[in-house]
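Chemist: My questions will all concern the structure given below.
2 protein chains.
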Amino acid sequence: MSSETKTIASFSCPVPVTPNERVVLGHGSGGKLSADLLHRFFLPAFGNPTLSRLDDQAIFAVNRSRLAFTTDSFVVKPLFFPGGNIGSLAVHGTVNDLAMGGAKPLYLSVAFILGEGLPFETLSQVVTSLRDAAEEAGVEVITGDTKVVEKGGCDGMFINTSGIGIVAEGLHLSANQARPGDRILLSGSIGEHGIAILAQREGLEFESPIESDSAALHSLVAAMLATRGEIRCMRDPTRGGLSSALNEIAASSRVGMTLEERAIPLREEVRGACELLGLDPLYVANEGKLVAIVAPDSAEGLLDAMRRHPLGRKAQIIGTVTSDDPGLVVMRTPLGTTRIVDMLAGGQLPRIC
Amino acid sequence: MSSETKTIASFSCPVPVTPNERVVLGHGSGGKLSADLLHRFFLPAFGNPTLSRLDDQAIFAVNRSRLAFTTDSFVVKPLFFPGGNIGSLAVHGTVNDLAMGGAKPLYLSVAFILGEGLPFETLSQVVTSLRDAAEEAGVEVITGDTKVVEKGGCDGMFINTSGIGIVAEGLHLSANQARPGDRILLSGSIGEHGIAILAQREGLEFESPIESDSAALHSLVAAMLATRGEIRCMRDPTRGGLSSALNEIAASSRVGMTLEERAIPLREEVRGACELLGLDPLYVANEGKLVAIVAPDSAEGLLDAMRRHPLGRKAQIIGTVTSDDPGLVVMRTPLGTTRIVDMLAGGQLPRIC
Chain Y
19 MSSETKTIAS FSCPVPVTPN ERVVLGHGSG GKLSADLLHR FFLPAFGNPT LSRLDDQAIF
79 AVNRSRLAFT TDSFVVKPLF FPGGNIGSLA VHGTVNDLAM GGAKPLYLSV AFILGEGLPF
139 ETLSQVVTSL RDAAEEAGVE VITGDTKVVE KGGCDGMFIN TSGIGIVAEG LHLSANQARP
199 GDRILLSGSI GEHGIAILAQ REGLEFESPI ESDSAALHSL VAAMLATRGE IRCMRDPTRG
259 GLSSALNEIA ASSRVGMTLE ERAIPLREEV RGACELLGLD PLYVANEGKL VAIVAPDSAE
319 GLLDAMRRHP LGRKAQIIGT VTSDDPGLVV MRTPLGTTRI VDMLAGGQLP RIC
Chain R
19 MSSETKTIAS FSCPVPVTPN ERVVLGHGSG GKLSADLLHR FFLPAFGNPT LSRLDDQAIF
79 AVNRSRLAFT TDSFVVKPLF FPGGNIGSLA VHGTVNDLAM GGAKPLYLSV AFILGEGLPF
139 ETLSQVVTSL RDAAEEAGVE VITGDTKVVE KGGCDGMFIN TSGIGIVAEG LHLSANQARP
199 GDRILLSGSI GEHGIAILAQ REGLEFESPI ESDSAALHSL VAAMLATRGE IRCMRDPTRG
259 GLSSALNEIA ASSRVGMTLE ERAIPLREEV RGACELLGLD PLYVANEGKL VAIVAPDSAE
319 GLLDAMRRHP LGRKAQIIGT VTSDDPGLVV MRTPLGTTRI VDMLAGGQLP RIC
């Protein structure tokens with residue numbers, strides 16, 4: 019007990035903090051500023067081998083079972099958007115974080131923070147969507163919590179969902195396992211969730227409406243695992259978009275990546291909206307897509323399996339893992355030039371999940 | 019798949035909701051209004067045997083292991099108070115919810131919602147406290163999430179902690195197991211957390227400062243379980259206080275309860291503060307106390323074990339479970355009269371956890 023106390027007493031914030039430093043919106047973007055917060059505060063404080071893997075889920079063993087555990091708070095604004103709402107999103111986001119570790123999602127906790135004055139009708143619609151999404155994903159909500167804060171203390175409603183899943187014996191997916199020669203697979207077109215939210219928030223109207231791609235990906239993952247192809251790791255490119263997900267993997271595995279721009283599926287409406295809004299679709303959030311790093315021999319088999327699944331019909335091999343410039347992701351444009359695809363620096367779109 | 023779809027389509031909010039009905043602060047109080055929200059929205063939507071136990075934690079089995087799972091969001095205001103802050107509280111609250119199910123706490127997730135403009139110094143202090151509390155409780159933070167919302171979108175900082183623990187084979191504690199004749203044990207004096215928060219918030223000063231009792235109770239629980247005494251159920255009387263915790267157990271077990279007012283430990287300063295503020299200490303939140311319903315033969319042995327533990331030194335047998343008036347909790351005053359101890363109707367003190 020006394021040695022513990024000593025450790026506690028000697029812990030202090032690892033990086034000097036000045037009185038002027040404050041949290042900005044970009045710290046929640048999933049890009050460079052989020053990584054800064056993680057490396058300055060959370061990793062030094064809580065660093066342990068499980069957390070330090072920095073995957074979307076922690077894997078731990080209890081007796082002979084390997085379980086996955088993940089948490090996500092949802093603060094999306096507005097609460098309702100084309101293709102979903104905060105309730106369905108809270109299920110999809112957490113189910114996907116489990117699925118990206120190869121886990122079969124089993125149980126969810128749901129914790130609401132409600133703003134005083136929230137209409138019961140809104141709560142009812144969100145609860146109904148959340149329940150429908152959980153039922154569709156085959157997960158049970160087994161524990162929960164509700165807090166209420168006064169008007170002005172919270173913006174309508176926040177939801178935290180934490181999830182538990184089970185991982186098959188022998189399956190180890192992690193961002194540090196990409197190897198030169200591996201192929202990069204993407205399950206479909208990018209940018210739809212972020213653009214749907216932005217359009218709703220700003221009252222923009224497009225000729226063909228853009229819906230969020232929010233969906234639970236665990237059955238697509240199950241179809242991929244069933245091929246017995248060699249998957250190194252998977253990510254759902256949410257906040258920070260495809261670029262941030264790939265940069266994280268490249269950094270973690272100390273490898274380079276080369277993407278083929280023409281191979282990345284992008285709907286015309288999303289391309290148009292991004293051009294109009296000055297956004298790069300590589301940085302726009304998705305909530306129903308996955309990117310997988312796979313062994314070269316397994317790429318075609320996995321691609322076939324993905325394309326046979328409703329959520330992977332437009333799957334593509336979008337690039338290759340290289341040994342050049344570890345940590346760097348580059349993209350070859352259709353014109354044959356090359357550009358660096360860096361992590362998102364600040365916040366492109368706050369509160370998209 | 020089609021039968022599932024049918025179920026989904028036929029689900030709708032079970033109780034008609036009128037456009038005028040809105041969330042009020044009392045819905046977060048842990049009293050009658052919280053129960054109303056649970057019974058109108060959450061149980062009809064998510065009802066399953068695990069959730070419907072309505073204990074502080076869900077217990078599920080994976081292969082041969084029995085695991086406990088719980089979630090809690092913390093919105094306490096102010097973030098710092100005598101005896102702790104939102105970081106230590108977030109650990110203690112979730113560790114205690116696991117411990118009340120007899121689980122040994124193992125892992126935590128931590129999800130921050132930060133308000134834009136939050137000073138890094140504040141974040142650093144909270145993270146340090148959270149880490150210290152986790153280390154002291156022997157739990158590992160293995161997964162996390164950070165979101166940032168713009169100024170005015172969230173009041174400084176909210177934290178969600180979800181927790182996983184392991185339950186020994188054969189141990190089944192649940193609120194529906196109290197039986198007439200059982201004794202009601204309380205681990206110490208009540209009301210300190212709520213009064214400490216209120217005093218801090220309102221700038222009240224007392225002759226002797228009142229500190230929150232916030233503490234992790236898992237080692238006290240371990241000491242109780244080691245006696246092999248028969249424990250039916252345990253609760254930590256947080257929001258809604260001792261009265262709400264006992265009313266929930268009485269309702270769930272369909273039993274009555276008779277409390278002895280003179281046996282309930284209450285510090286003089288807390289009694290004085292409650293009189294001054296017009297609060298009933300039975301309804302004021304605790305964050306480091308537990309109430310246990312135990313078999314009559316085991317009461318003395320368990321009481322001894324509690325009193326030998328630093329967090330149970332003032333433990334008392336405060337009452338008896340009866341077969342009179344199922345669901346009703348009554349208290350005998352020192353004058354020999356009897357009063358009904360009902361559930362908290364509205365919200366006595368918002369945002370105390």
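Protein sequences appear in the order of chains Y and R.
Using this note's numbering, the first residue of the first sequence is number 19, and each one after it goes up by one.
Using this note's numbering, the first residue of the second sequence is number 19, and each one after it goes up by one.
Note that CB positions come from ideal geometry on N, CA and C, so glycine has one too.
Just so it is clear, the structure is predicted and the values come from calculations on it, not from any experiment.
Determine contact between the region 231-240 of chain R and the region 271-287 of chain R, defined as no fewer than three beta-carbon pairs at a distance below 8 Å.
Modeler: Under the Cβ criterion (8 Å, minimum of three pairs), the region 231-240 of chain R does not count as touching the region 271-287 of chain R.
Chemist: List in chain order: all unbroken beta strand (DSSP E) runs of 3+ residues lying wholly within the region 198-243 of chain R.
Modeler: 201-204
Chemist: Quick one, which of Ser192/R, Phe224/R, Ser230/R and Ile215/R has its alpha-carbon nearest Ser207/R's?
Modeler: Ser230/R
Chemist: Using a C-beta cutoff of 7 Å, does Ser237/Y count as contacting chain R?
Modeler: no
Chemist: Could one say the Cβ of Gly364/R lies closer than 7 Å to chain Y's Cβ atoms, at least one of them?
Modeler: no
Chemist: Would you say Asp200/R reaches chain Y, if we count a Cβ-Cβ gap shorter than 7 Å as a contact?
Modeler: no
Chemist: What residues in its chain sit with their C-beta under 6 Å from that of Leu116/R, if we drop five residues either side in the sequence?
Modeler: Excluding the 5 residues flanking it on each side, Leu116/R has same chain C-beta neighbours closer than 6 Å at Gln75, Ala86, Thr88, Pro123, Gly181 and Gly183, in chain order.
Chemist: Mind listing the chain R neighbours of Val113/Y? Cutoff is C-beta to C-beta under 9 Å, in chain order.
Modeler: Simply none; closest approach about 15 Å.
Chemist: Tell me, please, whether the CB atom of Ser230/Y is closer than 7 Å to any CB atom in chain R?
Modeler: Answer no: the Cβ-Cβ gap between Ser230/Y and chain R never drops below 7 Å.
Chemist: What is the DSSP secondary structure of Thr23/Y, counted as helix, strand or coil?
Modeler: Confidence at Thr23/Y is low in this model, with a pLDDT of 30, below 50, so its placement is unreliable and the value that follows should be read with caution. Thr23/Y: helix per DSSP, three-state reduction.
Chemist: If you drop the 5 nearest sequence neighbours on each side, which residues of the same chain put their C-beta closer than 7 Å to that of Ser20/R?
Modeler: Unreliable placement is indicated for Ser20/R, whose pLDDT of 33 sits below 50; no coordinate value is reported for it.
Chemist: Would you report the Cα separation of Thr276/Y and Ser270/Y, rounded to the nearest angstrom?
Modeler: 16 Å
Chemist: Between Leu72/R, Val80/R, Gly345/R and Ile249/R, which has its C-alpha nearest Pro314/R's C-alpha?
Modeler: Ile249/R
Chemist: Look at the alpha carbon of Pro299/R and the alpha carbon of Glu279/R, and state the distance between them as a whole number of angstroms.
Modeler: 11 Å
Chemist: Chain R partners of Thr256/Y, CB-CB under 9 Å?
Modeler: The premise fails here: Thr256/Y is roughly 11 Å from chain R at the closest Cβ pair, so nothing lies under 9 Å.
Chemist: Kindly give me the distance between the Cβ atoms of Cys371/Y and Val94/Y, rounded to whole angstroms, as I take these residues to be in contact under 8 Å.
Modeler: 6 Å
Chemist: Give a yes or no on whether the minimum CB-CB distance between Ala76/R and chain Y is below 7 Å.
Modeler: Ala76/R belongs to the set of residues whose beta carbon lies under 7 Å from a beta carbon in chain Y.
Chemist: Just reading off the alpha helix (DSSP H) that Ala269/Y is part of, what are its end residues?
Modeler: Gly259 to Ser271
Chemist: Nearest-angstrom Cα distance between Arg246/Y and Leu56/Y?
Modeler: 34 Å
Chemist: At a CB-CB cut-off below 9 Å, which residues of chain R make contact with Cys172/Y?
Modeler: Val93, Ile131, Val167, Gly171, Cys172, Asp173 and Phe176
Chemist: Does chain Y have any CB closer than 7 Å to the CB of His45/R?
Modeler: yes
Chemist: Taking 7 Å as the cut-off, decide whether the C-beta atoms of Asp343/Y and Gly274/Y are in contact.
Modeler: yes
Chemist: Who are the neighbours of Arg40/Y on chain R, taking C-beta pairs under 7 Å?
Modeler: In chain order: Gly135, Leu136, Pro137 and Phe138.
Chemist: On a Cα-Cα basis, can you pick out the residue from Gly174/R, Ile311/R, Gly209/R and Ile104/R that is closest to Glu134/R?
Modeler: With distances taken between Cα atoms, Glu134/R lies closest to Gly174/R.
Chemist: For chain R, check one thing: does any of its Cβ atoms lie closer than 7 Å to the Cβ of Ser70/Y?
Modeler: no
Chemist: Are the region 325-338 of chain R and the region 197-211 of chain R touching, with three or more C-beta to C-beta distances below 8 Å?
Modeler: yes
Chemist: Between which two residues does the beta strand (DSSP E) carrying Met118/Y extend?
Modeler: Element bounds for Met118/Y: n/a, residue is neither H nor E.
Chemist: Would a C-beta distance cut-off of 7 Å place Pro227/R and Pro67/R closer than the cut-off?
Modeler: no
Chemist: For a cutoff of 7 Å on Cβ pairs, would you count Val159/R as touching chain Y?
Modeler: yes
Chemist: The region 48-66 of chain Y: which residues have C-beta closer than 7 Å to a C-beta of chain R, in chain order?
Modeler: Ser52, Leu55, Phe59, Phe60, Ala63, Phe64 and Asn66
Chemist: When you compare the CB of Ser20/R with every CB in chain Y, is at least one pair closer than 7 Å?
Modeler: Note on Ser20/R: pLDDT 33, under 50, position unreliable in the model; no value is reported.
Chemist: Can you name, in chain order, every residue of its own chain whose Cβ lies under 8 Å from the Cβ of Arg326/R, other than the five neighbours on each side?
Modeler: Ala241
Chemist: Glu22/R to Ser83/R, Cα distance in whole Å?
Modeler: Here the model assigns Glu22/R a pLDDT of 32, short of 50, so the residue's position is not dependable and the matter cannot be decided.
Chemist: Whole angstroms are fine: how far does the CA of Ala268/R sit from the CA of Leu362/R?
Modeler: 14 Å
Chemist: Determine, using beta-carbon pairs with one atom in the region 289-298 of chain Y and one in the region 212-224 of chain Y, whether at least three such pairs fall under 8 Å.
Modeler: yes
Chemist: So which of Asn38/R, Pro37/R and Ser47/R has the shortest CA-CA distance to Gly364/R?
Modeler: The option with the nearest alpha carbon to Gly364/R is Ser47/R.
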